[in-house]
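Data first, discussion second: the structure below is written as structure tokens.
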Amino acid sequence: MPGYGVIGQIFSQNGSKIVEEIKLNTTTYDTGYLFYGKHITSLNNGGFVAIWDLFHNVGSGGIERTYKTYMQAFDGSGNKIGAENLLLESIVYQGKPNMATNSDVVLGTLTNGNFIAVWRSLDNTYPYNDEKLTGQVF
């Protein structure tokens, strides 16, 4: 699996491997990026949805950072369903958000088979300093 990324493993209820390791992300970068897993939720059809973050220093001296949260749906065997989706993107400059930032994303499964992503939003642009809980149903 070339490039860096987020790796997953599917296990049965008794702990045995169902499939070999799977790369959750489609977009890969070789250097300067940090991936880390966030959350997985099971779906009513036996599949699952995974989200992960991508962190990257931008600009001279790494004073500007981008944070992106991606998501991908999978079937019960680990095959990707549809394309990888960019859920959120935030930019932080010199340690302080210079625009709306999003963090603490969690997933949940709904009884109708859909799933929901919920996150904390902070609008730190002048003159606002609002924090709220935001979500989207898929």
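All residue numbers for the sequence shown refer to numbering that gives the first Met the number 0, where the first residue is 0 and numbers rise by one.
Built from N, CA and C at the ideal position, the CB exists for glycine as well.
What does residue i pair with, by DSSP beta-bridge criteria?
i	result
N84	M70
L42	DSSP output for L42 lists no bridge partner at all.
G7	I21
Q79	Sequence inspection shows Lys at residue 79; the Gln mentioned does not correspond to that position. Beta-bridge pairing links K79 to F73.
V136	I115
K131	S120
Could you check how far apart the C-beta atoms of residue i and residue j are, in whole angstroms? I think they sit under 8 Å.
i	j	result
L85	A116	Going by Cβ atoms, the distance from L85 to A116 rounds to 12 Å, so no, they are not a contact pair.
G4	F34	6 Å
Taking the beta carbon of residue i as the centre, do at least 16 other beta carbons fall within 10 Å, making it buried, or is it exposed?
i	result
K131	exposed
K52	As written in the sequence, residue 52 is Asp, which differs from the Lys given in the question. Classification of D52: buried, given that the 10 Å Cβ count is 16 or more.
F10	exposed
Under the three-state reduction of DSSP, which class applies to residue i: helix, strand or coil?
i	result
S89	strand
T65	strand
F114	strand
S15	coil
L121	strand
L109	coil
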